[in-house]
Amino acid sequence: MHHNINVFLAHLPHHPGVYQLLGENREILYVGKAKNLRKRITSYFSKQINDPKTRALVAHIKDIDITITNSENEAVLLECNLIKKHQPRYNILLRDDKSYPYIMMSDHPFPRIDLYRGIRKKLGKYFGPYPNAFAARETIDLLQKLFRIRTCTDGYFKARSRPCLLYQIGRCTGPCVHYISEEDYARCIHLATLFLQGKSDQVITELQNKMESASCQLDFESAAHIRDQIARLRQIQERQHVHVRTGDVDILGYAMDAGIVCLQLHSIRGGQLLGSRSYFPHIPIHFSAEEIISAFLAQHYLNEVCDIPKQIILDRVIPDIALLENVLSKQSTHPVSLTKAVRGERKKWLMMANTSARQSLIAHLFHKTNMHERMVALQQVLGLSTLPRRIECFDVSHSMGEATVASCIVFDENGPMKQAYRRFNIKNITAGDDVAAMRQVLLRRFKSLKQNESQPPDVVLIDGGITQLKAAEGVMETVGMKDILLVGVSKGLARKPGLETIHLLGRKPMRLQADSLALHVIQQIRDEAHRFAIVGHRHRRDKTRRQSVLEEIPGIGAKRRRELLRYFGGIQGVAHASLEELIKVPGIYQSLAERIFAALHDTTI
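The sequence shown begins at 1 in my numbering and counts up one residue at a time.
(1) Who are the Cβ neighbours of H334 in its own chain at under 7 Å, not counting the five residues just before and after it?
(2) List in chain order: all unbroken alpha helix (DSSP H) runs of 4+ residues lying wholly within the stretch 166-200.
(3) Give a single yes or no on whether Q380 has its beta carbon closer than 7 Å to a heavy atom of the ligand ATP.
(4) May I have the straight-line CA-CA distance separating L29 from H60, to the nearest angstrom?
(5) Start and end of the alpha helix (DSSP H) containing H576?
(6) Give the single residue among V18, I260, H503, E594 whose Cα lies nearest to the Cα of S71.
(7) Per DSSP, what kind of secondary structure is C80 in: helix, strand or coil?
(8) Applying the 10 Å Cβ sphere with the 16-neighbour rule, what's the burial state of A437?
(9) May I ask you to report which of helix, strand or coil DSSP gives H108?
(10) If you measure between the beta carbons of D395 and H530, is that distance less than 8 Å?
(11) According to the neighbour-count rule (16 or more other Cβ atoms, all chains shown, within 10 Å of its Cβ), is L324 buried or exposed?
(12) Anyone know if the C-beta pair for I204 and I226 falls short of 8 Å?
(13) Among F134, G480, S591, I429, which one has its Cα closest to the Cα of F689?
(14) With three or more C-beta pairs closer than 8 Å as the rule, is the stretch 32-43 touching the stretch 252-261?
(15) Whole-angstrom Cβ separation of R423 and S448, contact assumed at under 8 Å?
(16) In terms of residue numbering, what span does the beta strand (DSSP E) encompassing M481 cover?
(17) What do you reckon, are the CB atoms on I313 and I251 nearer than 8 Å?
(18) Could you give the residue range of the alpha helix (DSSP H) that holds T42?
(19) DSSP state of V521, grouped into three classes?
(20) If you compare alpha carbons, which of I571, N428, G401, L378 is closest to Q524?
(21) With 16 as the cutoff for other CB atoms within 10 Å, does S181 come out buried or exposed?
(22) Between E413 and I391, what straight-line distance do the alpha-carbon atoms span, to the nearest angstrom?
(23) With a cut-off of 8 Å, do at least 3 Cβ pairs link the stretch 339-358 to the stretch 466-483?
(24) Between Y167 and F110, is the Cβ-Cβ spacing less than 8 Å?
(25) Can you tell me where the beta strand (DSSP E) holding E392 begins and where it ends?
(26) Excluding sequence positions up to five away, which residues of its chain have a Cβ less than 7 Å from the Cβ of D107?
(27) If you follow the beta strand (DSSP E) that L265 is in, where does it begin and where does it stop?
(28) Does DSSP put T153 in a helix, a strand or coil?
(29) Identify every run of the alpha helix (DSSP H) within the stretch 282-354, keeping only runs that are complete inside it and at least 4 residues long; order them along the chain.
(30) Give me the Cα-Cα distance between H15 and S46, rounded to the nearest whole angstrom.
(31) Let me know the secondary structure DSSP gives L252 once reduced to three states.
(32) Could you spell out the range, first to last residue, of the beta strand (DSSP E) harbouring N428?
(33) Could you name the residues of the same chain whose beta carbon sits closer than 6 Å to that of A472, not counting the 5 residues immediately before and after it, in chain order?
(34) If you reduce the DSSP assignment to three classes, tell me which class M417 lands in.
(35) Could you name the residues that DSSP lists as bridge partners for M510?
(36) Can you tell me the Cα-Cα spacing of I522 and L94, whole angstroms?
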């Protein structure tokens, strides 16, 4: 670092620009933009910094490079280019930066359709972009079936003396051997263009007119072919999940679990949903969802080949939204709005994108290849001689000591073994004593396992620190299973993912990198145990509270309580019963039914 940091900071300009924080060997640690370079860079060296991410970054800074720009917009573009070029360790990185595919119709008397990537230099019409090559190829396949447009290269087209197989199977009209006139082929191109622009209704109308004309001329073979085209188009319309009259919109869904973020981008062009694409960016620790989305938008849209829609729908407000809108608008030459406040149909799209993001993240987490890679990484971190075949994780959940429930969830090399999950109702301990609760669940679990001579786990994860770990060690000695590796996972500052500490008996605590595959699988297993414990705790707590409320209602004795439970099949049935249904129970009269209903619904009749 500069020998006198205060002098360096004092001479920084009050101009917009980009700064690069450099490490020991002048490697770029972080690239950032600033409206005022002096204020932004000075903030890194303030004594008031509480953010662990910033403290960790500052500890590695050895030098700083700055680049002054004419405007904030230029700073945003330069920052984006430098991040893509150098991929700094402390920046959010969009790893999959391939351009989107388009469908292109060539500039030719008999145009061909083809998938196209990159800068649009070739002459012709472009449609899209499509979220992935599969969606584009599927659309090209439909166009071949519906309008029989050629897909062959121009060189192949010129060399033909007889029609190819595509003509024989009804997927091409044979323009290479002049089986169709240029005018008739142009009509097919016209209909295909309308279809790609989302004007399916107009295509159907034109085809209906053409079918009627063919029928009047007694050309029933052509009329039947057009009829089949119309039927196919209507089927496509019915399968279209999202359909609007007009508009180009992108919807960005967000999901995070086990230290991994999924961003799901749904693309609507010309009023039709073209498809969806998942992104899993590299995320250093301590970045918020808003910062991740902001970084994604800049890196994804600010390139030469990306098509920017007029509206991008987000599920939250992001920082510097006005600046980013301004940069995207100038890049695309049309106004671009980033909005969260949506309702009606657009709100449904956003919900669909978020649901898709969650499903894509689950599929990514439990993909066999990804799971195997994480297990290998975990084996290396824990120093195991073989890949762990069975991992059990224990967690405790309660509300101020009430209705304590412990969970035991099981993972193998393929992911969760849900049929082996177990819950334990914890009893006869001091309310809120998590260590005693952990000791009880482990004792009950492994006593049962030893009696049944079942397959013991290779690793036991404990949600807690060294205190819980030592309690687990005592239990294992009691039941004679000292060979099982015990691992404690304590939460970090403010319970943020990526800051967990790993505890092993006889070894120093470990802090793994936020992008560590071993940490990801530990987080995934720990979070699943936590979820399973919370669900069980809530069921037990609600049942206990409702049962106690039923006992406290005047006029409800053991007999009437038994009748109520028998009639509705349990306390849940009683809680969901209407007033009219309560009156039908033997021995329950109108005023008593009203008292029961009011007590169970925290209201008055």
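From the three backbone atoms N, C-alpha and C, an ideal C-beta is built for every residue, glycine too.
Looking at the atomic coordinates:
(1) For this step, residue 334 is matched to residue 334 along the sequence shown. Here the set comprises K310.
(2) 182-196
(3) You won't find the ligand ATP in this model; it holds no ligand whatsoever.
(4) Position 29 of the sequence shown holds residue 29. Position 60 of the sequence shown holds residue 60. L29 and H60: Cα-Cα distance of roughly 8 Å.
(5) The count along the sequence shown starts at 1 and reaches residue 576 at position 576. For H576, the enclosing alpha helix (DSSP H) stretches over residues 571-576.
(6) As a working note, residue 71 is residue 71 in the sequence shown. When each option's Cα is compared against that of S71, the closest is V18.
(7) Counted from its first residue, the sequence shown places residue 80 at position 80. Three-state result, C80: helix.
(8) Taking the sequence shown and counting its residues from 1, the one referred to as residue 437 is at position 437. Buried, by the Cβ-count rule.
(9) For this step, residue 108 is matched to residue 108 along the sequence shown. Correct three-state label for H108: coil.
(10) By 1-based counting over the sequence shown, the position of residue 395 is 395. By 1-based counting over the sequence shown, the position of residue 530 is 530. Yes, these two residues count as a Cβ contact at 8 Å.
(11) Within the sequence shown, residue 324 is the residue found at index 324, counting from 1. That one is buried.
(12) Here residue 204 refers to the residue found at position 204 of the sequence shown. Here residue 226 refers to the residue found at position 226 of the sequence shown. Not a contact, by the Cβ cut-off of 8 Å.
(13) There is no way to answer for residue 689, as the model of the chain reaches only from 1 to 605.
(14) Between the stretch 252-261 and the stretch 32-43 there are fewer than three C-beta pairs closer than 8 Å, too few to call the two in contact.
(15) The residue labelled residue 423 in the question sits at position 423 within the sequence shown. The residue labelled residue 448 in the question sits at position 448 within the sequence shown. 13 Å between Cβ atoms; not a contact.
(16) By one-based count along the sequence shown, residue 481 stands at place 481. Segment: none, M481 is in no beta strand (DSSP E) and carries neither H nor E.
(17) Mapped onto the sequence shown, residue 313 falls at position 313. Mapped onto the sequence shown, residue 251 falls at position 251. Yes, the Cβ-Cβ distance between I313 and I251 is below 8 Å.
(18) Counted from its first residue, the sequence shown places residue 42 at position 42. Run containing T42: 37-43, per the alpha helix (DSSP H) assignment.
(19) Translated into positions along the sequence shown, residue 521 becomes position 521. Three-state result, V521: helix.
(20) The count along the sequence shown starts at 1 and reaches residue 524 at position 524. The residue with the shortest Cα to Cα distance from Q524 is L378.
(21) Counted from its first residue, the sequence shown places residue 181 at position 181. So S181 counts as exposed.
(22) Start at 1 with the first residue of the sequence shown, and residue 413 comes out as number 413. Start at 1 with the first residue of the sequence shown, and residue 391 comes out as number 391. Taking the straight line from one Cα to the other gives about 9 Å.
(23) no
(24) Counted from its first residue, the sequence shown places residue 167 at position 167. Counted from its first residue, the sequence shown places residue 110 at position 110. Taking 8 Å as the Cβ cut-off, Y167 and F110 do not qualify as a contacting pair.
(25) Mapped onto the sequence shown, residue 392 falls at position 392. First-last of the beta strand (DSSP E) with E392: 391-399.
(26) If you number the sequence shown from 1, residue 107 lands on position 107. Excluding positions up to five away in sequence, the list reads L123, G124.
(27) As a first step, residue 265 is located in the sequence shown; it is residue number 265 there, counting from the start. First-last of the beta strand (DSSP E) with L265: 260-269.
(28) The residue labelled residue 153 in the question sits at position 153 within the sequence shown. Residue state, collapsed to three classes: coil.
(29) 289-301, 321-332
(30) By one-based count along the sequence shown, residue 15 stands at place 15. By one-based count along the sequence shown, residue 46 stands at place 46. Rounded to whole angstroms, H15 to S46 spans 20 Å at the Cα level.
(31) Here residue 252 refers to the residue found at position 252 of the sequence shown. Strand at L252.
(32) Translated into positions along the sequence shown, residue 428 becomes position 428. Looking at the DSSP string, N428 is not in any beta strand (DSSP E), and its letter there is neither H nor E.
(33) Residue mapping note: residue 472 aligns to position 472 of the sequence shown, counting from 1. Within the same chain, A472 has close Cβ partners L442, I462, L486.
(34) For the purposes of this step, residue 417 is identified with residue 417 of the sequence shown, where counting begins at 1. Three-state DSSP puts M417 in coil, outside helix and strand.
(35) Reading the sequence shown from its first residue, position 510 is the one you call residue 510. Looking at the DSSP assignment, M510 forms a beta bridge with I502.
(36) Counting from 1 along the sequence shown, the entry for residue 522 is found at position 522. Counting from 1 along the sequence shown, the entry for residue 94 is found at position 94. Their Cα atoms are separated by approximately 24 Å.
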